[in-house]
Each structure stands twice: as structure tokens, then as C-alpha cells.
Amino acid sequence: MIRTADLFQQTSKVLTVTELTRSIRGVLETKFRAVWVQGEISNYKLHPSGHQYFTLKDQRTQIACVIWRDTIAPPRQPLVDGSQVQVYGTVTVFETRGQYQLNVQILQPRGVGLFQAKFEALKRKLASES
Numbered sequence: 275m276i277r278t279a280d281l282f283q284q285t286s287k288v289l290t291v292t293e294l295t296r297s298i299r300g301v302l303e304t305k306f307r308a309v310w311v312q313g314e315i316s317n318y319k320l321h322p323s324g325h326q327y328f329t330l331k332d333q334r335t336q337i338a339c340v341i342w343r344d345t346i347a348p349p350r351q352p353l354v355d356g357s358q359v360q361v362y363g364t365v366t367v368f369e370t371r372g373q374y375q376l377n378v379q380i381l382q383p384r385g386v387g388l389f390q391a392k393f394e395a396l397k398r399k400l401a402s403e404s
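Remember, our numbering sits 274 above the position in the sequence shown when you count from 1.
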């Protein structure tokens with residue numbers, strides 16, 4: 275059994291939150307320089323600044339995504355929740371919140387996502403029952 279005093283002796287330095295977050299950022303951004311990821315858009319917002327924010331999710335997990343206004347122009351038809359897409363981008367850590375996100379550089383539509391299709395089917399079923 276490890277005693278509490280032993281745990282303190284094993285740590286050579288106590289990190290600040292900023293130091294730990296920067297270390298995590300360095301590891302993530304080095305390991306995952308640029309990746310293709312597919313999923314379904316959720317919580318899409320076109321910010322007045324021109325930046326686009328959304329969550330990309332699959333059946334089990336989600337990741338925050340951002341498209342900076344100078345990277346990709348807003349699409350002619352706005353992105354909508356439930357759209358299935360493939361994105362290419364870089365993984366980074368937003369240090370202020372200690373959250374990782376995907377900075378999207380390419381976005382390719384892939385149709386309606388599974389979650390949105392199920393939601394629409396449920397709406398139709400409930401409407402037919404009333």
C-alpha cells in the first residue's frame with residue numbers, strides 16, 4: 275500500500291494548471307497534427323464574427339469543432355444539425371477552458387446523419403398518432 279507521504283515524494287514538481295494544460299496541448303498537437311474525422315453535426319452556430327462552431331459526434335463520443343472565418347467561407351447553404359460530414363483539421367487545446375477541439379480546414383457533406391434521421395422518424399410517428 276502506498277502512503278500519502280510516498281506519493282508526494284514521487285512528484286518532483288507541482289505544476290500549475292497552465293503548465294499541465296500546455297504540456298497536454300504539446301502532446302496532442304504533436305501526435306495528431308492533421309486528421310480526417312467523420313460524424314454528425316450538432317449545435318451548429320455561425321457566430322457574428324464569421325467563425326463557425328459545432329459539435330461533431332458519432333454514436334458514443336463528441337468533439338468540439340471550429341472553422342475560423344479566414345479558413346473556409348460560410349457555405350451557401352448553412353450547415354444544419356444532423357448533417358453527416360467528413361472534416362479535415364488539426365487537433366488543438368483551447369487552453370482557457372482546458373478543452374481539446376478540432377480546427378476544421380476542409381468540410382465535406384455526407385448526407386443526413388443517423389441521429390437526425392431517427393429524430394425525424396420519431397416526429398413523423400408522433401404526428402401520425404395525434
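Idealized CB from N, CA, C, for every residue including glycine.
Just so you know, these numbers come straight off a predicted model, no measurement behind them.
Opposing strand residues paired with LEU353 [DSSP bridges]: Residue mapping note: residue 353 aligns to position 79 of the sequence shown, counting from 1. Note: LEU353 sits in no beta bridge, so no partner.
For ARG398 and GLN336, the rounded distance between their alpha carbons: By 1-based counting over the sequence shown, the position of residue 336 is 62. By 1-based counting over the sequence shown, the position of residue 398 is 124. Answer to the nearest angstrom: the Cα atoms are 27 Å apart.
Helix, strand or coil at VAL288 according to DSSP, with G and I counted as helix: Looking up residue 288 in the sequence shown gives position 14. Correct three-state label for VAL288: coil.
Host beta strand (DSSP E) of TRP310 (start-end): Counted from its first residue, the sequence shown places residue 310 at position 36. First-last of the beta strand (DSSP E) with TRP310: 309-320.
C-beta contact flag for VAL367 and LEU302 at 7 Å: Looking up residue 367 in the sequence shown gives position 93. Looking up residue 302 in the sequence shown gives position 28. Yes, Cβ-Cβ distance for VAL367 and LEU302 is below 7 Å.
Assigned exposure category for PHE393 - 16 Cβ within 10 Å defines buried: Working through the sequence shown from its first residue, we reach residue 393 at position 119. The residue is exposed, with fewer than 16 neighbouring Cβ atoms inside 10 Å.
Nearest-angstrom Cα separation, counted from VAL340 out to PHE306: Sequence index remark: in the sequence shown, residue 306 carries index 32 (1-based). Sequence index remark: in the sequence shown, residue 340 carries index 66 (1-based). Straight through space, the alpha carbons of VAL340 and PHE306 are spaced by roughly 16 Å.
Inter-residue Cα distance where the pair is GLN360 and TRP310: Your numbering for residue 360 matches position 86 in the sequence shown. Your numbering for residue 310 matches position 36 in the sequence shown. Near 7 Å, if we compare the C-alpha coordinates of TRP310 and GLN360.
Limits of the unbroken beta strand (DSSP E) element including PHE328: Reading the sequence shown from its first residue, position 54 is the one you call residue 328. Segment 326-331, the beta strand (DSSP E) holding PHE328.
Short Cβ contact (7 Å threshold) for VAL365 with LEU376: Numbered from 1 along the sequence shown, position 91 holds the residue referred to as residue 365. Numbered from 1 along the sequence shown, position 102 holds the residue referred to as residue 376. Here VAL365 is near LEU376, since their CB atoms are less than 7 Å apart.
Neighbour-count burial assignment, GLU314, 16 or more Cβ in a 10 Å radius: Sequence index remark: in the sequence shown, residue 314 carries index 40 (1-based). Under this definition GLU314 is a buried residue.
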